[in-house]
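J.: Chains A and B are the protein sequences, given in the same order. Heads up, the first sequence is in the working numbering, so the first residue is 1 and it goes up one at a time. Heads up, the second sequence is in the working numbering, so the first residue is 1 and it goes up one at a time. C-beta: ideal position from N, C-alpha, C; glycine also. Let me begin by handing over the structure; questions about it come next.
Protein chains: 2
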Amino acid sequence: MNPKLEDIARAMGVSTATVSNALSGKGRVSEALKDRIRQEATRLGYVPSVQARALRTGRSGVIGLVLPDIANPLFPALAQSVEAAAQARGLGVLIADSRGTREAQAQALQRLVRQGADGLVVVPRRGTQMPPLGVPVAMIDAASTPGNTICADHRQGGALIVEHLRLRGHRKILIVGQSSASRVQTDRVAGMTEALSGDMTGRVLWLEDAPLPAPYDLLADGFTALAATSDLIALPLLTRLQAAGLRVPRDIAVTGFDNHAFSALVAPGLTTVAQDLPAIAEGALESVLAQLDAHPAPPPRTVPVELLVRGTTTSTNQTDKETCP
Amino acid sequence: MNPKLEDIARAMGVSTATVSNALSGKGRVSEALKDRIRQEATRLGYVPSVQARALRTGRSGVIGLVLPDIANPLFPALAQSVEAAAQARGLGVLIADSRGTREAQAQALQRLVRQGADGLVVVPRRGTQMPPLGVPVAMIDAASTPGNTICADHRQGGALIVEHLRLRGHRKILIVGQSSASRVQTDRVAGMTEALSGDMTGRVLWLEDAPLPAPYDLLADGFTALAATSDLIALPLLTRLQAAGLRVPRDIAVTGFDNHAFSALVAPGLTTVAQDLPAIAEGALESVLAQLDAHPAPPPRTVPVELLVRGTTTSTNQTDKETCP
DNA sequence: TCGCTTCGATTAAACGATTAACCAACTTGA
DNA sequence: TCAAGTTGGTTAATCGTTTAATCGAAGCGA
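In structure tokens form, the structure reads like this:
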């Protein structure tokens, strides 16, 4: 079907080894012959067989990506960045969903290795204990997670949020998270509480423990801002407040985390913190590749985040025009 | 490292061919020996090398999935279903993002084939002309797209939406789409307009041509419902209406399409149409596998959709009960 | 008993690339 | 001039599996 090394070799009257060397630039081939071989290769439309190469070298050129839940709006953006980083290096991305239990995750890891992944990039489930897999692994979670490879600076993100709210005049903040078992969320909350200035008060509410108070009770308690640990939490909050007749941000401000695709589209736009996903993906991939070359795993890294200020914390003219026609 | 056929063969005093036959059940091996070989294989933790198998058989056990934009909230759910369907068959999923031009898409297709994908599942960009790739391909787009393999019944979905709105008493509907160049969206709009009863009027607005009128102008024009061709459009609309002080659905109803993860979480919940993604993924994969076995490609299929009624079209909360007893 | 089929297993040839080892022909230096 | 190194290539083994071809032994009908 496709031309192979042998076809080129025969056409040029040389051995397959010479062709292989010429194309890879590894052995000793005269520059002139090298060029001619390369020309012939492109002329024939030669494409090396990844299967054969993989069998011989033990490298498949594919890395596995394991996500807790592909459908969860937080991960596709990361997957996209990982795919882009891999593509830039000529690598493929085998995807797996560890939906369900940690056991399912372990299975997924095994499966990717069996399918020939050279290394793994994993966004682990909570409390994951990595089994020995025989291939390099990079973990993307939170700085406080043992074994973490690279992640966004979630604490800094929390601090940026609180600082921004302080500058906007807020003094009493309700911090809303989903689960205190999530390292990422606890890091973000820690960043927020640490950044509270002396004249500010913040209360932390975990939704898995207690529901959100009724919107008007929030106002009665003196809260002027809701700081969620995720856009996934903030967007429903925003609509809930609006549905109750409150004006955001005039009555109460809202912030999120992660800069979900919707966050820029809703009205008012959601103030949030954006991770540098391309940098994180690059870092994770670099770690895997370094380990593949028998280098020691690079030390854990933390990537700075960026505050995105939008309408839920700043009253723009437009919003006011719309609300007061 | 890992045990190979030869290791088992040596341990049992037979040839590797016999071991291969015993494990695959293909050649002629006595039942007794078969059992013993299989026991020994599991005892040693034997895992066949996919690379070697792929080289010999020409099948890698991996299928490629090409999405227009991984980060677009519509596709992760589909990716998850495809991954699940593939996993159930012991297949891997190589993912690629055709972000950018149709050329980028063509590149992505080529890349997946080179990386050894046995077949491809593609959600094509608009106006895609499939190049001959040498591997089976299944396309997931719209029933009206030439070459489409399988898709949701978008027309039916449109009809369900309009019928539901009619039963709720709506007579004047604004249908809001993004781009009239999208087959999926035009199919949905067609389903809606066809389902309009004689006493109903519907106007179609493409956001790429003209912006949404100011919320209060919509009311002034007599519209009582906004039917979007996507939750991606509907959710921003919902917040825009709420931000303008309108009550949904009391002042105006809103519907979407696709049942995005957020649609159930916002307040009020978004009435929408859910595709049977698992069925679509299964169908696409089946088509690819059938073609791989040299069967003709099965005829195009259309999968029924389901209407999900939520708060944006039904007033279920107490305040509404009070006002509309 | 002779031919013929069937059973159970072996042999050996692929699949397509990489790479260590080898080799002939030239350079070079002393 | 001769030993030693350099240059530019070739040979052949190897990665681990599948599978067509082969083969001895056993079973069987005539």
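I need the DSSP call for Ala11 (chain A), collapsed to helix, strand or coil.
T.: helix
J.: Using the beta-carbon of each residue, which ones in chain A are nearer than 7 angstroms to Ile161 (chain B)?
T.: The premise fails here: Ile161 (chain B) is roughly 21 angstroms from chain A at the closest Cβ pair, so nothing lies under 7 angstroms.
J.: So which residues of chain B does Arg114 (chain A) contact, with C-beta pairs closer than 8 angstroms?
T.: Val47, Val50
J.: Quick one: is Asp221 (chain A) buried, meaning 16 or more other Cβ sit within 10 Å of its Cβ, or exposed?
T.: exposed
J.: Assign Gly283 (chain A) to one of three DSSP states: helix, strand, or coil.
T.: Collapsing the DSSP output to three states places Gly283 (chain A) in a helix.
J.: Does any CB atom of chain B fall closer than 7 angstroms to the CB of Thr239 (chain A)?
T.: yes
J.: Give the straight-line distance between the Cα atoms of Leu237 (chain B) and Leu165 (chain B), rounded to the nearest whole angstrom.
T.: 17 angstroms
J.: What residues in the segment 72-95 of chain B have a beta carbon less than 8 angstroms from any beta carbon of chain A?
T.: Asn72, Pro73, Phe75, Pro76, Ala77, Ala79, Gln80, Glu83, Ala84, Gln87, Gly92, Val93, Leu94, Ile95
J.: Can you grab the Cα-Cα spacing for the pair Lys172 (chain A) / Val248 (chain A), in whole Å?
T.: 16 angstroms
J.: I think Val62 (chain A) touches Gly116 (chain A), with their Cβ atoms under 8 angstroms apart; what is that distance to the nearest whole Å?
T.: 6 angstroms
J.: Taking C-alpha atoms, which residue in A:His260, A:Asn259, A:Gln242 lies nearest to Ile252 (chain A)?
T.: A:Gln242
J.: In chain order, what residues of the same chain have a beta carbon less than 7 angstroms from the beta carbon of Thr128 (chain A), not counting five sequence neighbours either side?
T.: Arg102, Gln105
J.: Output yes if chain A places a C-beta closer than 7 angstroms to the C-beta of Leu55 (chain B); else output no.
T.: Closer than 7 angstroms: yes.
J.: Using alpha carbons as the reference points, say which of A:Leu120, A:Leu65, A:Val122, A:Ser197 lies closest to Ala96 (chain B).
T.: A:Leu65
J.: Within a Cβ cutoff of 7 angstroms, which residues of the same chain sit near Met130 (chain A), ignoring the five residues on either side of it in sequence?
T.: These residues qualify, in order along the chain: Val137, Gly147.
J.: Could you please tell me which residues of the segment 259-273 of chain A, in chain order, have their CB closer than 8 angstroms to any CB of chain B?
T.: Ala261, Phe262, Leu265, Val266, Ala267, Pro268
J.: For Asp221 (chain B), report the span of its alpha helix (DSSP H) as first-last.
T.: Where Asp221 (chain B) is concerned, there is no enclosing alpha helix (DSSP H), given that its DSSP letter is neither H nor E.
J.: Using a Cβ-Cβ distance under 7 angstroms, would Ile70 (chain B) count as near chain A?
T.: yes
J.: Do we get a CB-CB distance below 7 angstroms when we pair Ala243 (chain B) with the residues of chain A?
T.: Output row for Ala243 (chain B): interface = yes.
J.: If contacts are defined as beta-carbon pairs under 8 angstroms, then Val135 (chain A) and Pro68 (chain A) qualify, I think. What distance do you get, rounded to the angstrom?
T.: At roughly 20 angstroms, the Cβ-Cβ gap does not stay under 8 angstroms, so Val135 (chain A) and Pro68 (chain A) are not in contact.
J.: Please determine if the segment 180-196 of chain A and the segment 151-164 of chain A are in contact, where contact requires at least 3 C-beta pairs separated by less than 8 angstroms.
T.: yes
J.: Mapping DSSP to helix, strand and coil, what is Lys26 (chain A)?
T.: Collapsing the DSSP output to three states places Lys26 (chain A) in coil.
J.: Is there at least one Cβ from chain A nearer than 7 angstroms to Pro136 (chain B)'s Cβ?
T.: no
J.: Could you check the C-alpha separation between Arg114 (chain A) and Ala143 (chain B) for me, to the nearest Å?
T.: 37 angstroms
J.: Quick one: is Met1 (chain B) buried, meaning 16 or more other Cβ sit within 10 Å of its Cβ, or exposed?
T.: The residue is exposed, with fewer than 16 neighbouring Cβ atoms inside 10 Å.
J.: Taking 7 angstroms as the CB-CB cut-off, is Asp236 (chain A) touching chain B?
T.: Reading off the sequence, residue 236 (chain A) comes out as Pro, not Asp. Yes, its Cβ sits closer than 7 angstroms to a Cβ of chain B.
J.: Between the C-alpha atoms of Gly158 (chain B) and Ile280 (chain B), what's the straight-line distance to the nearest angstrom?
T.: Near 18 angstroms, if we compare the C-alpha coordinates of Ile280 (chain B) and Gly158 (chain B).
J.: Give the list of continuous alpha helix (DSSP H) stretches no shorter than 4 residues that lie fully inside the segment 69-155 of chain A.
T.: 75-88, 102-114
J.: Skipping 5 residues on each side, what residues in its chain have a beta carbon closer than 6 angstroms to that of Thr201 (chain A)?
T.: Lys172
J.: Using a Cβ-Cβ cutoff of less than 7 angstroms, which residues in the same chain neighbour Ala41 (chain B) once the five nearest sequence positions on both sides are dropped?
T.: Ile8, Leu23
J.: Where Arg36 (chain B) and Arg10 (chain B) are concerned, what is the direct C-alpha to C-alpha distance, given to the nearest angstrom?
T.: When rounded, the distance between both Cα atoms is 13 angstroms.
J.: Quick check on the DSSP output: the alpha helix (DSSP H) that includes Glu40 (chain B) runs from which residue to which?
T.: 31-44
J.: Do Thr145 (chain B) and Ser287 (chain B) have their C-beta atoms within less than 7 angstroms of each other?
T.: no
J.: Name the two residues that bound the continuous alpha helix (DSSP H) containing Gly58 (chain B).
T.: Run containing Gly58 (chain B): none; DSSP gives neither H nor E here.
J.: Excluding the 5 residues preceding and the 5 following Glu208 (chain B) in the sequence, name in chain order all residues of the same chain whose CB lies nearer than 7 angstroms to its CB.
T.: Non-local C-beta neighbours of Glu208 (chain B) in its own chain, meaning closer than 7 angstroms and more than five positions away in sequence, comprise Gln178, Ser179, ordered along the chain.
J.: When the cut-off is 7 angstroms and only beta carbons count, does Asp97 (chain B) lie next to chain A?
T.: yes
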